[in-house]
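Enquirer: In order, the protein sequence lines correspond to chains L and D. Numbering of the first sequence is given in the working numbering, commencing with residue 1 and proceeding in unit increments. Numbering of the second sequence is given in the working numbering, commencing with residue 1 and proceeding in unit increments.
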Amino acid sequence: MSTDTIEPDMMEPDTAEKIATIPIGDIDVARPSLYQKDTIGLFFDRLRKEEPVHYCRESYVGPYWSITKFNDIMAVETNHKVFSSEAKLGGIAIQDMHSVEGALELEMFIAMDPPKHDQQRKAVSPAVAPSNLLLLEPTIRERACQILDDLPVGEDIDWVDKVSIELTTMTLATLFDFPWEERRKLTRWSDITTAAPETGIVESYEARRQELIECAMYFKGLWDQRVNEEPKNDLISIMAHSPATQNMPFLEFLGNLLLLIVGGNDTTRNSISGGVLALNQNPDEYRKLNDDPSLIASMVPEIIRWQTPLTHMRRTALQDWEIGGKQIRKGEKVVMWYLSGNRDDTVIDRADQFIIDRQNPRHHLSFGFGIHRCMGNRLAELQLRIVWEEIHKRFRKIEVTGEPERLLSNFVRGITKLPVRLHAR
Amino acid sequence: MVKVTFVSSDGTRREVAVAEGETAREAALFNNVPGIDGDCGGVCACATCHVHVDPAWIDRVGRLEQGNAEAELLQFAEGANEYSRLACQIPMLTKLEGLILHVPEQQY
């Protein structure tokens, strides 16, 4: 997502004392720099306490409503008849999906309302259904082992580059049975799918269009190959052989395929990094994990809550609607801040603490709820579970040895660099 | 208390009881019946408390109403069929004493 179009404001309040004195009406949680500095939590704490449904009149993405409490987010999320995801109204992120000439608009069901959303999701979802994932698990595990076995013990490495990106890319390549040596193409295509020129990832919309056409041709080749082979368990083969998808227009196929890639890329990558960081910041929890690796089952959803890899989803009001005592008008932009709802201590016990043996760890907002709930949620958990099981067998500790660097984005809560040293078991 | 039996995909039967008016989801979670996740907290928003109502019971429980929120969610669930319901949407009334619910292999 393109987010870093504004200059970071050097005067921006960045201490708890200063943030506490800003007039509530002036708070603008869209500013990407708040996420890079990781001061955003202090702003959301104030909104939840003082004005949980908050209107920001002016920002670089225009005016918008912030929904910051768990139950209000749930109410918006489950009311898709009033709160639309439609791309033409702006779509699902705080920054509008613009129709830019030459941009090659991809049709993805995450940014559609029923009934079209329902048909497309139903067609694609069997590919990541739990029964299919079980068939892929041995290969995902084997490849994860390979990556972890190749890591140098006792040296300073960047966990993001060496492990998080590598593991996520490897899983995507496994899911698609993508040519192994060319797997970083998947990472690249994921990055450009959501990129605008100002992010520096692509030079121009025309350049992006060219790369997406290359991507389309590549997948066309894989599709033609799979359609002529016996059905297999990979996502392309499933889509090529399933009656619901085999006659899908090609651009729809490509849009849905890219949605699967994008959905599984940044999110998983940052959860893998975020887990290491959280355990280092909470040594008692790290000790618990080392004493009892069966806690990985509840730690995985807790990592996903704690990291909240996508900070928000956005909707557009189709009619006037009251929420939390505030009147939202037809056409207004409504942002559900998952990152804030996941710290709402009126719903989640000790929400500001990372606790790997929580009683009800899946009661979090990171996957969203309702008809747009993350389709890959079980896949995400499966990947993280495998990673942590295999880490536990090999390493006593992944020690964070320097300051993490964070992504300048109000959408992807990303860690771009995490220096670590590995300690063998 | 109202009794309900959950049958796992491997055939294991667990009879549990819950206070009248609680839902079948609570009956499972309060009694540690495996296979019912109920991620959303019981507000019909996630479809991770999917059950197949035993065919003998489906008319007393009531079938899914096409177009409502429960049906909207279940259309995306793995293995959903004409006996599918969300346990959070089944209040355990005395008329359901002895209800039998089948738990799918995995929630999605």
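Backbone N, C-alpha and C fix where the C-beta goes; we use that ideal spot for every residue, glycine too.
If you measure beta-carbon to beta-carbon, which residues of the region 27 to 47 of chain D are closer than 7 Å to chain L?
Expert: Listed by position, the residues of the region 27 to 47 of chain D near chain L (Cβ gap below 7 Å) are 37, 39, 40, 41, 43, 45, 46.
Enquirer: Does the beta carbon of residue 83 of chain D sit closer than 9 Å to a beta carbon anywhere in chain L?
Expert: Against the second sequence, residue 83 of chain D aligns to sequence position 83. So no, residue 83 of chain D is outside the interface.
Enquirer: For residue 421 of chain L versus residue 230 of chain L, is the C-beta distance shorter than 9 Å?
Expert: Counting from one through the first sequence, the residue named residue 421 of chain L turns up at place 421. Counting from one through the first sequence, the residue named residue 230 of chain L turns up at place 230. No, they are not a contact pair.
Enquirer: With 16 other CB atoms within 10 Å as the buried threshold, where does residue 110 of chain D fall?
Expert: Because chain D in this structure spans residues 1 to 108, residue 110 of chain D falls outside the shown range and cannot be described.
Enquirer: With a cut-off of 8 Å on the beta carbons, I'd call residue 390 of chain L and residue 148 of chain L a contact; round off their distance for me.
Expert: In the first sequence, residue 390 of chain L corresponds to position 390, counting from 1. In the first sequence, residue 148 of chain L corresponds to position 148, counting from 1. With a Cβ gap of about 5 Å, residue 390 of chain L and residue 148 of chain L count as contacting.
Enquirer: Residues of chain L with a CB under 7 Å from the CB of residue 89 of chain D: which are they?
Expert: Counting from one through the second sequence, the residue named residue 89 of chain D turns up at place 89. Here the premise fails: no neighbours, minimum Cβ distance about 13 Å.
Enquirer: Please classify residue 383 of chain L as buried or exposed, where buried requires at least 16 other C-beta atoms within 10 Å of its C-beta.
Expert: Along the first sequence, read from residue 1 onward, the residue named residue 383 of chain L stands at position 383. With 16 or more Cβ atoms within 10 Å of its Cβ, residue 383 of chain L is classed as buried.
Enquirer: By the three-class DSSP mapping on this structure, what secondary structure does residue 60 of chain L have?
Expert: As a working mapping, residue 60 of chain L is identified with position 60 in the first sequence. Residue state, collapsed to three classes: coil.
Enquirer: What's the gap between the Cα of residue 410 of chain L and the Cα of residue 77 of chain L?
Expert: Translated into positions along the first sequence, residue 410 of chain L becomes position 410. Translated into positions along the first sequence, residue 77 of chain L becomes position 77. Cα to Cα, residue 410 of chain L sits roughly 19 Å from residue 77 of chain L.
Enquirer: Determine, for residue 78 of chain L, whether the minimum Cβ-Cβ distance to residues of chain D falls below 9 Å.
Expert: One-based indexing of the first sequence puts residue 78 of chain L at position 78. Answer yes: the Cβ-Cβ gap between residue 78 of chain L and chain D drops below 9 Å somewhere.
Enquirer: Secondary structure at residue 3 of chain L, three-state DSSP: helix, strand or coil?
Expert: Within the first sequence, numbered from 1, the residue matching residue 3 of chain L stands at position 3. At residue 3 of chain L the pLDDT is 44, less than 50, meaning the model places this residue with poor confidence; the figure from the coordinates comes in the next sentence. Residue state, collapsed to three classes: coil.
Enquirer: Three or more C-beta pairs under 8 Å: does that hold for the region 153 to 172 of chain L against the region 236 to 244 of chain L?
Expert: Counting Cβ pairs under 8 Å, fewer than three are found: no touch.
Enquirer: Along chain D, in chain order, which residues have C-beta atoms closer than 7 Å to that of residue 130 of chain L?
Expert: Within the first sequence, the letter at position 130 stands for residue 130 of chain L. Result: 78, 106, 108.
Enquirer: Could you give the DSSP three-state label for residue 86 of chain D: helix, strand or coil?
Expert: Locating residue 86 of chain D in the second sequence gives position 86, counting from the first residue. Looking at residue 86 of chain D - three-state DSSP - the assignment turns out to be strand.
Enquirer: Between residue 167 of chain L and residue 387 of chain L, which are expected to be in contact by the criterion C-beta below 8 Å, what is the C-beta distance as a whole number of angstroms?
Expert: Walking along the first sequence from the start, residue 167 of chain L turns up at place 167. Walking along the first sequence from the start, residue 387 of chain L turns up at place 387. Confirmed, about 6 Å.
Enquirer: Taking only beta-carbon positions, decide if residue 24 of chain D is within less than 9 Å of chain L.
Expert: Counted from its first residue, the second sequence places residue 24 of chain D at position 24. No, because no Cβ of chain L sits closer than 9 Å to the Cβ of residue 24 of chain D.
Enquirer: Any residues in the region 350 to 371 of chain L with a beta carbon nearer than 7 Å to a beta carbon of chain D? Which ones, in chain order?
Expert: Residues passing the 7 Å Cβ filter: 362, 363, 369, 370, 371.
Enquirer: Do you know offhand how far residue 5 of chain D's Cα is from residue 65 of chain L's?
Expert: Looking up residue 5 of chain D in the second sequence gives position 5. Looking up residue 65 of chain L in the first sequence gives position 65. Whole-angstrom Cα-Cα distance: 46 Å.
Enquirer: Check the Cβ-Cβ distances between residue 122 of chain L and every residue of chain D, and say whether any is below 9 Å.
Expert: Taking the first sequence and counting its residues from 1, the one referred to as residue 122 of chain L is at position 122. Output row for residue 122 of chain L: interface = yes.
Enquirer: In chain order, what residues of the same chain lie with their CB nearer than 6 Å to the CB of residue 8 of chain L, ignoring the 5 residues before and after it?
Expert: Here residue 8 of chain L is taken as the residue at index 8 of the first sequence, counted from 1. Residue placement at residue 8 of chain L is flagged as unreliable, the pLDDT there being 48, under the threshold of 50; the coordinate-derived value follows with that caveat. Within the same chain, residue 8 of chain L has close Cβ partners 33.
Enquirer: Could you pull the DSSP bridge partners for residue 156 of chain L from this structure?
Expert: Residue numbering aside, residue 156 of chain L sits at position 156 when the first sequence is read from its first letter. According to DSSP, which records beta bridges pairwise, residue 156 of chain L is partnered with L:421.
Enquirer: Excluding sequence positions up to five away, which residues of its chain have a Cβ less than 7 Å from the Cβ of residue 282 of chain L?
Expert: Residue numbering aside, residue 282 of chain L sits at position 282 when the first sequence is read from its first letter. Hits under 7 Å: 354.
Enquirer: With a cut-off of 9 Å, does the C-beta of residue 72 of chain D fall near any C-beta of chain L?
Expert: As a first step, residue 72 of chain D must be located in the second sequence, where it is residue number 72. So yes, residue 72 of chain D belongs to the interface.
Enquirer: List the whole-angstrom C-beta distance separating residue 277 of chain L from residue 311 of chain L, where the pair is believed to meet the contact cut-off of C-beta under 8 Å.
Expert: Numbered from its first residue, the first sequence carries residue 277 of chain L at position 277. Numbered from its first residue, the first sequence carries residue 311 of chain L at position 311. About 16 Å separates the two Cβ atoms, so there is no contact after all.
Enquirer: Please list, in chain order, the residues of the region 373 to 389 of chain L that have any C-beta partner in chain D closer than 9 Å.
Expert: Correct list: 373, 375, 377, 378.
Enquirer: Could you round the C-beta distance between residue 348 of chain L and residue 302 of chain L to whole angstroms and report it? I think they count as a contact, below 8 Å.
Expert: Residue numbering aside, residue 348 of chain L sits at position 348 when the first sequence is read from its first letter. Residue numbering aside, residue 302 of chain L sits at position 302 when the first sequence is read from its first letter. Contact flag wrong, Cβ pair sits at about 10 Å.
Enquirer: Which residues does DSSP pair with residue 101 of chain D in a beta bridge?
Expert: Numbered from its first residue, the second sequence carries residue 101 of chain D at position 101. Answer is D:6, D:53, bridged to residue 101 of chain D.
Enquirer: In this structure, what does DSSP give as the bridge partners for residue 316 of chain L?
Expert: Counting from one through the first sequence, the residue named residue 316 of chain L turns up at place 316. Answer by DSSP bridge pairing, in chain order: L:84, L:333.
Enquirer: In chain order, what residues of the same chain lie with their CB nearer than 6 Å to the CB of residue 75 of chain L, ignoring the 5 residues before and after it?
Expert: What you label residue 75 of chain L is simply residue 75 of the first sequence in a count that begins at 1. Once the five neighbours on either side are set aside, residue 75 of chain L has no close Cβ partner at all.
Enquirer: Just confirm the distance between the C-beta atoms of residue 33 of chain D and residue 100 of chain D, as a whole number of angstroms; I'd bet it's less than 8 Å.
Expert: Translated into the one-based positions of the second sequence, residue 33 of chain D becomes position 33. Translated into the one-based positions of the second sequence, residue 100 of chain D becomes position 100. Not really, about 13 Å apart at Cβ, beyond 8 Å.
Enquirer: Bridge partners of residue 13 of chain D, per DSSP?
Expert: Position 13 of the second sequence holds residue 13 of chain D. Paired residue(s): D:7.
Enquirer: Please give me, in chain order, every unbroken run of the alpha helix (DSSP H) with length at least 4 that falls completely inside the region 276 to 304 of chain L.
Expert: You should have 283 to 291.
Enquirer: Straight-line CA distance for residue 332 of chain L to residue 285 of chain L?
Expert: Sequence index remark: in the first sequence, residue 332 of chain L carries index 332 (1-based). Sequence index remark: in the first sequence, residue 285 of chain L carries index 285 (1-based). Cα to Cα, residue 332 of chain L sits roughly 42 Å from residue 285 of chain L.
Enquirer: Using CA atoms only, rank isn't needed, just tell me which of L:130, L:191, L:360 is closest to residue 295 of chain L.
Expert: Start at 1 with the first residue of the first sequence, and residue 295 of chain L comes out as number 295. Comparing Cα-Cα distances from residue 295 of chain L to each of L:130, L:191, L:360, the minimum goes to L:360.
Enquirer: From L:325, L:425, L:377, L:341, pick the residue whose C-alpha is nearest to that of residue 55 of chain L; which is it?
Expert: The count along the first sequence starts at 1 and reaches residue 55 of chain L at position 55. Checked all of L:325, L:425, L:377, L:341; the closest Cα to residue 55 of chain L is L:325.
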